[in-house]
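If you read the sequence shown in the working numbering, its first letter stands for residue 44, the second for the next number, and so on. Even glycine gets a Cβ: it sits at the ideal position worked out from N, Cα and C.
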Amino acid sequence: MTTAAARPVDRADAHPVDRADAHPADRADAQPADRADAQPADRADAQPADRADAHPVDQAAPQPVDQAVDHYDRFLAEHYTWMLGGDLDALAAVQRAALSAWGVTPGSAIGSAAAGALAVDLGCGPGHASLALAGLGFDSVLAVDLSRALLAELAAHAADVPAVSAVRADVRTALRELVRPGSAQAVVCLGDTLTHLPTRGDVAALFADVAAALAPEGTAVFAYRDLTVPLTGTDRFLPVRATEDRIMTCFLEYPDDYDDYTVVVHDLIHTRDNAHTDYTAATAATAATADHRSNWTLNARSYRKLRLSHAWVLDQLRTAGLRVRHEQRGAGGMRTVVLERGAS
Numbered sequence: 044m045t046t047a048a049a050r051p052v053d054r055a056d057a058h059p060v061d062r063a064d065a066h067p068a069d070r071a072d073a074q075p076a077d078r079a080d081a082q083p084a085d086r087a088d089a090q091p092a093d094r095a096d097a098h099p100v101d102q103a104a105p106q107p108v109d110q111a112v113d114h115y116d117r118f119l120a121e122h123y124t125w126m127l128g129g130d131l132d133a134l135a136a137v138q139r140a141a142l143s144a145w146g147v148t149p150g151s152a153i154g155s156a157a158a159g160a161l162a163v164d165l166g167c168g169p170g171h172a173s174l175a176l177a178g179l180g181f182d183s184v185l186a187v188d189l190s191r192a193l194l195a196e197l198a199a200h201a202a203d204v205p206a207v208s209a210v211r212a213d214v215r216t217a218l219r220e221l222v223r224p225g226s227a228q229a230v231v232c233l234g235d236t237l238t239h240l241p242t243r244g245d246v247a248a249l250f251a252d253v254a255a256a257l258a259p260e261g262t263a264v265f266a267y268r269d270l271t272v273p274l275t276g277t278d279r280f281l282p283v284r285a286t287e288d289r290i291m292t293c294f295l296e297y298p299d300d301y302d303d304y305t306v307v308v309h310d311l312i313h314t315r316d317n318a319h320t321d322y323t324a325a326t327a328a329t330a331a332t333a334d335h336r337s338n339w340t341l342n343a344r345s346y347r348k349l350r351l352s353h354a355w356v357l358d359q360l361r362t363a364g365l366r367v368r369h370e371q372r373g374a375g376g377m378r379t380v381v382l383e384r385g386a387s
């Protein structure tokens, strides 16, 4: 049975002030305008993107705010866990080992023992990183996302993990609204979430929010894909995963309309007609005589991602007051940066 802590919470009906010990940190999909109780004006220094001289690059045409959310809700969410390998527990185990190796542990921040260890997973998706953080011993893990489908999947999977709270909120505002400044021992933002934000100014503002939310010597981990160097020819086709009944490929397009600001990602998913069938004995017998070389269906949708250079990201992180502790480069332009907030 799903525990109360594991149910997805919509920011509109959540009452974080009633749970002082939980540090509710909702996720990034709720629109800021939907939050009548938010007081962003209380933190004038947390919105660097609002200053006219801070991020002139944002004058370039931003993408629609809800584009990535819509892409996941209407298309990608049902395939997302499969795309990652299909086994949330196995994914959580791998993520737990990586986080542990990077020093993301409950006792690393100053004051964590007295207050209880809080971690925030921004853009949590189906929640393998949230489960990993709970497995590392964090007392409270706020799993923040805008996809109702992915949050529901996490809530079902975390029914017996009371530390994990799945919350639907906008990652751009969740920390300011739901986490007491200086109270989080760890904040992670993985899975290319940064490139889903509408503007580079939103990315820089998020870095400032993370620095403000972290306890002294708390840890932040960001992972994102550096798409600043255009791929050409067949290199633009990226195989994601292929199984007997499903094949996913991404195609990247670098249009001239926004210069170097965004890349258009086309997700192409081929499925067999029987890929999602619940088989009874009768349907299994029928399937055994079917021609499995046919009956493929192609579904495709597109959305834009930000192009973030690694040098720019590092500069913005340092400006926010975060100190780089470790960097890692992976396949396909993936970058991981582990940082900490200073003790003072």
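Y123: member of the alpha helix (DSSP H) spanning A120 to L127, first to last residue. Counting only unbroken stretches of 3 or more residues, the beta strand (DSSP E) elements lying wholly within the region 231-282 are 257-268, in sequence order.
Rounded to whole angstroms, the gap between the alpha carbons of R139 and F250 is 23 Å. The distance from the Cβ of H200 to that of L142 is about 18 Å, inconsistent with a contact at the 8 Å cut-off. At a Cβ-Cβ threshold of 8 Å, P149 and F118 do not count as neighbours.
The C-alpha of L360 is placed about 24 Å away from the C-alpha of A175.
Under the three-state reduction of DSSP, S208 is assigned to strand. In the structure shown, L131 falls within a helical segment according to DSSP collapsed to helix, strand and coil.
V230 is positioned such that its CB atom lies no closer than 8 Å to that of A212. The alpha carbon of Y297 has as its nearest neighbour, out of G128, P273, T286 and L165, the alpha carbon of P273.
Listed in chain order, the non-local C-beta contacts of V367 below 8 Å within the same chain comprise L357, L360, R361, V380, V381 and L382, local neighbours out to five positions each way being set aside. Taking 8 Å as the cut-off, the beta carbon of V283 is found no closer than this to the beta carbon of L295. In the DSSP assignment, C293 forms a beta bridge with L281 and D310. Excluding its 5 nearest sequence neighbours in each direction, W145 has C-beta neighbours in its own chain below 7 Å: V264, H369 and V381, listed in chain order. The C-beta of V207 has 16 or more other C-beta atoms within 10 Å across all chains shown, which makes the residue buried. Annotation: D316 is outside any alpha helix (DSSP H) and is labelled neither H nor E by DSSP. Residue pairing of A343 in beta bridges, as defined by DSSP: L311. Residues A172, S173, A186 and V231 of the same chain have their beta carbon placed closer than 6 Å to that of D164, with the five preceding and five following residues left out of the count. The alpha-carbon separation between A343 and I290 amounts to approximately 12 Å. Shown here, S143 sits in a helix according to DSSP, grouped into three states.
Under DSSP, T305 shares a beta bridge with L349. By the neighbour-count criterion, in which 16 or more other beta carbons inside 10 Å mark a residue as buried, R347 falls on the buried side.
L221 and R243 have their C-alpha atoms some 23 Å from each other.
In the DSSP assignment, R372 falls within the beta strand (DSSP E) that extends over L365 to R372.
Sequence-distant partners of W125 (beyond 5 residues in either direction) whose C-beta falls short of 6 Å from its own C-beta are missing from its chain.
In this structure, the alpha-carbon of C293 lies about 36 Å from that of R384.
Of the residues V214, Y301 and D278, the one whose Cα lies closest to the Cα of L233 is V214. In this structure, G375 sits near L281, with a CB-CB distance shorter than 8 Å. Judged by DSSP in its simplified three-state form, S173 adopts helix. The three-state reading of DSSP puts T379 in strand, counting E and B together.
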